[in-house]
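J.: Sending over a structure as C-alpha cells; questions will come in a sec.
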Amino acid sequence: MIRTLLALDGALVLGALSFVLAAEDDIRVVAKVDRGEAVPAAVRAQRPDVVVADLNFIEGVDASRLGPCPVLVLAHPRRAGRLRGMACATRMVGVLRSDVAPQRVIDGIRRLARREPVLDADLVVAALHSDGPLTDRETEVLSLTAAGAPVAEVAVSLGLTSGTVRNHLGRIARKVGARTRVEAVRVAREAGWI
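Numbering (UniProt numbering), first residue to last: 1 to 194.
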C-alpha cells in the first residue's frame, strides 16, 4: 500500500484527486492539506510514502522537514522556471504538469514509490529555457517595482530618469503579455523571472 499525502490548492482539485486515488487498490490517501505551511506537520504525523504537492506549496519548504519520502510536484508550464531549485540529492522529486490526466498522477505515485524518476518532458524543457524575455535592466526595474518602489524611487536606485523607468515598465508589460504593472509582476513571479 502506497501511503500518499495530497497537498493541493483548491478543495475541488483536492477532493477530485482523492476520489480518483481511492479507487486504486494499492494507493491510500493518508492526509489532505490545502496550505503549504501545513505540509511538514502532516508529513511528520502521517509518514507518507509519497507526497503529491502543488509547486507553490512545496518550493519554500525546507527539504529536511519532509523526511525521506519522494515528492511529486505538480506545476503549470508558466511556472517551470521555479522548478530549477527543486531537485535535491537527498530526495527523489518527480515533476508533472498540473493539468495532466489523473492516470499520469497515479502512475507517477507508483513510480516514485519504487524510486523511479517521474519527469514531464515539456516542463523540463520549459525550466531549461525559463530565462525569460526580460533584459537584465528590465529585471532590475521589475524587481524593484515588485518590492513596492514607486517609479521615482526605482529611477533613483538605478540612476535612470522616471520616463526611462516608465518606458521599461511599458516594454516589460508588452513582453510578458500583461495589461498593467501589477499583472506584469504577477506573470514574472509565476514564471520565475523575478
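For every residue, glycine included, the Cβ atom is placed at its ideal position computed from N, Cα and C.
(1) Thinking just about the alpha-carbon of each residue, which of Gly163, Arg137, Val141, Leu74 is nearest to the one in Arg104?
(2) Sorted by chain position, which residues of the same chain lie with C-beta nearer than 8 Å to Ile2's C-beta, five sequence neighbours on each side aside?
(3) Mark Pro68 as exposed unless 16 or more other C-beta atoms lie within 10 angstroms of its C-beta, in which case mark it buried.
(4) Let's see if you can read the secondary structure: which residues bound the beta strand (DSSP E) around Val29?
(5) Closest to Ala53 by CA distance: which of Arg65, Arg181, Val33 is it?
(6) DSSP three-state call for Thr4: helix, strand or coil?
(7) By the three-class DSSP mapping on this structure, what secondary structure does Gly15 have?
(8) Could you give the DSSP three-state label for Arg137: helix, strand or coil?
(9) If I'm right that Val154 touches Leu144 with Cβ under 8 Å, what's the distance once you round it to whole angstroms?
(10) Using only the alpha-carbon positions, how far apart do Ala178 and Gly163 sit?
(11) Please tell me whether Ile106 and Leu142 are closer than 7 Å, where the distance is taken between their beta carbons.
(12) Which word fits Asp62, buried or exposed, when buried means at least 16 other C-beta atoms lie within 10 angstroms of its C-beta?
(13) For Arg44 and Leu96, what's the separation of their Cα atoms in angstroms?
T.: Reading from the atomic positions:
(1) Leu74
(2) Asp26, Ile27, Arg28, Asp49, Val50, Ile109, Arg110, Ala113
(3) exposed
(4) 27-33
(5) Val33
(6) strand
(7) helix
(8) helix
(9) 5 Å
(10) 19 Å
(11) no
(12) exposed
(13) 24 Å
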